[in-house]
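Positions 8 to 142 (the working numbering) are the ones given, in order, by the sequence shown.
Every residue gets a Cβ at the ideal spot worked out from N, C-alpha and C, and that includes glycine.
Contents: one structure, followed by commentary.
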Amino acid sequence: MRTKQVRPETLEFEYLLHISREWDEVKQLDYILFNFTTVKVFETFRYKINVEVTDKSDEKEITFNIEGLSAPIVTLSKPGNAHFEYRIYSFKQTEYILKLTKQKKQKNNFRFRVGKKSIKLTAVPRKKFINVTAS
């Protein structure tokens, strides 16, 4: 009798990105937070997402190239999602182009508008490898 082959469930998105407007208590400044996480929860380590950032926020364009994952340099194991954060302190209340690439192959272009208290997505591609939310 053969055992049934078990396959992992396929995920619609591999990564999640949440964009929010936050307050830095130390610097006493507003900033835009780009919070990347993986959908998958890792059992042994909280991996780090390797992201190459091209910040042209003065030209209203921000590019993130997701290169993959790397193991943390710690002796204790801790389960959880992989994670990466990026902050922009010098921003304007205007619309920005957000270019997201995965290993420079898959590309998604989004647009978001920074308001006085929140951030709203204004353009989302039909096919995407990452789920982007804003608040």
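Taking just the CA atoms, how far does residue j sit from residue i?
i: Thr10; j: Lys34; result: 59 Å
i: Glu74; j: Ser142; result: 26 Å
i: Thr51; j: Ser77; result: 13 Å
i: Phe91; j: Gln110; result: 16 Å
i: Thr129; j: Lys135; result: 15 Å
i: Thr44; j: Lys123; result: 26 Å
i: Lys67; j: Val60; result: 14 Å
Among the options, which has the Cα closest to the Cα of residue i?
i: Phe20; options: Leu105, Val46, Tyr96 and Pro79; result: Val46
i: Ser97; options: Ser27, Glu32 and Ser64; result: Ser64
i: Ile95; options: Lys127, Ile137, Val121 and Lys55; result: Val121
i: Asn72; options: Val48, Leu40 and Asn116; result: Asn116
Tell me the DSSP secondary structure of residue i in three-state form.
i: Glu92; result: strand
i: Leu97; result: Strictly speaking, residue 97 in this sequence is Ser, with Leu absent from that position. Looking at Ser97 - three-state DSSP - the assignment turns out to be coil, as it is neither helix nor strand.
i: Ser64; result: helix
i: Ile126; result: strand
i: Ser27; result: strand
i: Leu36; result: strand
i: Gln113; result: strand
i: Lys106; result: strand
Which word fits residue i, buried or exposed, when buried means at least 16 other C-beta atoms lie within 10 angstroms of its C-beta?
i: Leu83; result: exposed
i: Ile26; result: buried
i: Ile80; result: exposed
Cβ-heavy atom distance between residue i and the ligand MN below 7 Å?
i: Phe43; result: No copy of the ligand MN occurs in the structure displayed, which carries no ligand at all.
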